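Counting from 1, one number per residue, gives the positions in the sequence shown under UniProt numbering.
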Amino acid sequence: MEPVQTEPSFETASWARRIGALIVDWFASTLVVILLLGGVERWSGDQAAGFYVLVVFVLESALFSATTGGSFGQVATRLRVVRANGDPRPIPPLKALLRQVLIALVIPPLVYRPDGRGLHDVAAGSAVVTLQTFHALGGR
Numbered sequence: 001m002e003p004v005q006t007e008p009s010f011e012t013a014s015w016a017r018r019i020g021a022l023i024v025d026w027f028a029s030t031l032v033v034i035l036l037l038g039g040v041e042r043w044s045g046d047q048a049a050g051f052y053v054l055v056v057f058v059l060e061s062a063l064f065s066a067t068t069g070g071s072f073g074q075v076a077t078r079l080r081v082v083r084a085n086g087d088p089r090p091i092p093p094l095k096a097l098l099r100q101v102l103i104a105l106v107i108p109p110l111v112y113r114p115d116g117r118g119l120h121d122v123a124a125g126s127a128v129v130t131l132q133t134f135h136a137l138g139g140r
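Given below as structure tokens:
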């Protein structure tokens, strides 16, 4: 039986890049909700609009992470979510959903390890890397 690798053997992306990706994701999720609700007036008058944005964010980022290797914002900012063992394939859908739900809780991303992975990444067995590192790991 192989030992479980606890720290990735590659460099993870900076927190500044990750926050940039999060801002892009949140903005895109807000635009989707505005379109679904029928305009800014209805969005700004709907008390549940913030919750709708959160749901769209979690679903979008989980779906994109499981299919393209990163959320819309991560892909736009040249980041990718990889498996913690360095496998560049996208993480499985349920792990992607777990990861995004934990990010939505806010606290797990604020508690992180020396290797740069937050609790959400540890729980999902993932790591966020730059596109350059992704290619070095064999990703396309």
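Using N, Cα and C, we set each Cβ at its ideal position, and we do this for glycine too.
Keep in mind it's a predicted model, so treat the numbers as computed, not measured.
Straight-line measurement puts the Cα of residue 137 at about 25 Å from the Cα of residue 60. For the stretch 61-93, the full-length beta strand (DSSP E) segments reaching 3 residues or more read 79-83 along the chain. In this structure, the straight-line span from the alpha carbon of residue 40 to that of residue 107 is close to 30 Å.
Between residue 25 and residue 73, the C-beta gap is smaller than 9 Å, which places the two residues in contact. In this model, residue 44 and residue 55 are separated by some 17 Å (Cα to Cα). The DSSP-derived three-state label of residue 126 is strand. In terms of Cα proximity to residue 109, the closest of 18, 11, 9 and 10 is 18. Scanning 76, 89, 48 and 93 for the CA closest to the CA of residue 63 turns up 93. Between residue 81 and residue 96, the gap from beta carbon to beta carbon is short of 9 Å. Sixteen is the threshold: when 16 or more other Cβ atoms of the shown chains lie within 10 Å of the Cβ of residue 57, as they do, the residue is buried.
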